[in-house]
Amino acid sequence: MKWGLIGASTIASEHMIGAIRAQSGHTVEAVLSSNAERGQAFAARNAILHVFTDLEALLAQPGIDAVYISTTNEKHFPQAMAAIAAGKHVLCEKPLALRVEDAAAMIEAAREAGVVFATNHHLRCSGAHLAIRRLIAEGRIGRILSMRVFHAVSLPEHLRGWRIDDAAAGGGVIADITVHDADTVRFHLGEDPKTVVAQAVSSGLGQGVEDSVMSVWTMPSGVMVQSHESFTHPFAGSGIEVHGTKGSVFARNVMTQNPSGIITLTDKDGTLQLNYERHELYGYGLQAFNSAVTGHGAPAADGVDGLKSLAVALAVARSAREGRAVDVDYKGY
Ligand code: NDP
Numbered sequence: 031m032k033w034g035l036i037g038a039s040t041i042a043s044e045h046m047i048g049a050i051r052a053q054s055g056h057t058v059e060a061v062l063s064s065n066a067e068r069g070q071a072f073a074a075r076n077a078i079l080h081v082f083t084d085l086e087a088l089l090a091q092p093g094i095d096a097v098y099i100s101t102t103n104e105k106h107f108p109q110a111m112a113a114i115a116a117g118k119h120v121l122c123e124k125p126l127a128l129r130v131e132d133a134a135a136m137i138e139a140a141r142e143a144g145v146v147f148a149t150n151h152h153l154r155c156s157g158a159h160l161a162i163r164r165l166i167a168e169g170r171i172g173r174i175l176s177m178r179v180f181h182a183v184s185l186p187e188h189l190r191g192w193r194i195d196d197a198a199a200g201g202g203v204i205a206d207i208t209v210h211d212a213d214t215v216r217f218h219l220g221e222d223p224k225t226v227v228a229q230a231v232s233s234g235l236g237q238g239v240e241d242s243v244m245s246v247w248t249m250p251s252g253v254m255v256q257s258h259e260s261f262t263h264p265f266a267g268s269g270i271e272v273h274g275t276k277g278s279v280f281a282r283n284v285m286t287q288n289p290s291g292i293i294t295l296t297d298k299d300g301t302l303q304l305n306y307e308r309h310e311l312y313g314y315g316l317q318a319f320n321s322a323v324t325g326h327g328a329p330a331a332d333g334v335d336g337l338k339s340l341a342v343a344l345a346v347a348r349s350a351r352e353g354r355a356v357d358v359d360y361k362g363y
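Number 363 marks the last residue of the sequence shown (our numbering); no jumps.
Encoded structure:
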């Protein structure tokens with residue numbers, strides 16, 4: 031499969047180009063940048079032959095089967111719609127769009143065009159999360175009572191651009207990290223948050239956008255979820271805890287891009303550390319995407335998953351803004 035990259039981004043160069051090239055028979059043919067000089071430099075650094083500044087020209091490049099969209103968040107919607115209209119399979123970064131209606135339009139357009147449309151939610155591809163999900167499914171922790179997600183990191187210096195000062199580009203920690211946590215919670219619990227209550231602040235890093243948020247989500251089953259995302263915490267580490275009637279799972283440093291972290295299960299017999307498969311996350315997601323393109327199975331996170339994580343994030347943002355509980359609006363999905 032031949033790929034076109036829409037966006038000369040950090041995530042593409044740090045993770046996705048390598049992950050695409052690690053798939054047998056997959057090549058990166060072209061990259062789109064809004065800036066010719068940046069595009070050329072990116073292409074040279076990453077050994078990509080073709081560089082475009084015009085999306086239609088990239089989409090018209092012969093032989094491109096799929097695109098990976100990793101531009102700033104406000105561009106995902108129009109770029110995905112154009113790629114779908116050109117008959118390309120689309121792997122799109124989160125958040126899929128800035129509005130749930132736009133994510134819905136992307137899903138419907140892909141459905142009508144018969145192309146695969148997926149969201150790059152990497153955490154559900156992690157061996158750690160797959161292992162936690164298995165524990166839950168096997169009933170090892172009993173009936174789930176609550177879940178705690180802590181994903182407060184220190185935003186690396188080289189990412190302190192639009193994320194911390196550009197609301198129009200979809201900046202802020204909610205669009206950046208809460209979407210991932212929403213997807214991870216949905217992945218583990220198999221249900222969608224119903225109502226959220228949140229508070230957000232700009233605690234020094236964010237300028238005009240929030241850099242820290244805490245929220246509580248009510249699930250249809252009655253499970254309570256507590257979630258914390260931040261750009262300003264150098265030493266907090268990340269993790270997830272799942273507490274049930276028969277046991278508790280404590281997973282440290284598992285909300286990451288790498289196959290790292292330690293998972294323990296505590297129950298009446300004591301505490302046990304779990305072994306799990308530590309594969310590369312983005313490659314695992316690409317394998318599922320590639321299988322879906324060839325008609326086998328579904329992407330790890332499809333368009334509806336991306337719509338739902340966006341809907342939760344927007345409800346969290348609204349709750350923080352308006353100081354009240356907000357029902358998540360999935361627009362019928
Ligand atoms: P970057 O800031 O690295 O890139 C985003 C865009 O910014 C690029 O498309 C590029 O535009 C522009 N850009 C890059 N460098 C510069 C520069 N020096 N000056 C001005 N503009 C520049 O973003 P990320 O790679 O961190 O994130 C991109 C997308 O991927 C986001 O939607 C984010 O949410 C998502 N993401 C997802 C992750 C995941 O694990 N699923 C992890 C990290 C990010 P142009 O293309 O026009 O050159």
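For every residue, glycine included, the Cβ atom is placed at its ideal position computed from N, Cα and C.
With a contact defined as Cβ atoms closer than 8 angstroms, residue 122 and residue 311 miss out at about 17 angstroms. Counting every other CB atom within 10 Å of its CB across the protein chains shown gives residue 125 a total of 16 or more, marking it as buried. Distance from the CA atom of residue 277 to the CA atom of residue 173, rounded to whole angstroms, is 9 angstroms. Nearest in C-alpha terms to residue 56, of all of 223, 93, 204, 84, is 93.
Listed as beta-bridge partners of residue 122 by DSSP are 99, 149. Per DSSP, the continuous alpha helix (DSSP H) segment holding residue 211 begins and ends at 209-219.
Judged by beta-carbon spacing, residue 203 lies beyond the 9 angstroms limit of residue 355, meaning their Cβ atoms are not closer than that value. When the Cα atoms are used, residue 81 and residue 73 turn out to be separated by approximately 7 angstroms.
Nearest Cα to residue 333 within the set 120, 324, 288: 120. Taking a cut-off of 8 angstroms on C-beta distances, the region 153-169 does not touch the region 128-142, as fewer than three cross pairs fall below it. Setting aside the 5 residues that flank it on each side, residue 61 is surrounded in the same chain by 35, 38, 69, 72, 73, 78, 81, each with a C-beta closer than 7 angstroms to its C-beta; the list follows chain order. In the three-state DSSP reduction, residue 267 falls in the coil class, being neither helix nor strand. In the DSSP assignment, residue 195 falls outside any beta strand (DSSP E) and lies within the alpha helix (DSSP H) extending over 192-195. Proximity of the region 271-289 to the region 135-148 falls short of the contact definition, fewer than three beta-carbon pairs being nearer than 8 angstroms. DSSP lists 60 as the beta-bridge partner residues of residue 80. The Cβ atoms of residue 215 and residue 179 sit closer than 9 angstroms to each other.
Around the C-beta of residue 223, 16 or more other C-beta atoms lie within 10 Å, and the residue is accordingly described as buried. In terms of Cβ geometry, residue 31 and residue 96 form a close pair [threshold 9 angstroms]. Around the beta-carbon of residue 351, fewer than 16 other beta-carbon atoms lie within 10 Å, marking it exposed.
The beta strand (DSSP E) runs of length 3 or more contained entirely in the region 276-308 are, from start to end of the chain, 277-282, 292-297, 300-303.
Residue 105 carries a helical assignment under DSSP once its states are collapsed to helix, strand and coil.
Residue 235 sits away from residue 40, with the two beta carbons spaced by 9 angstroms or more.
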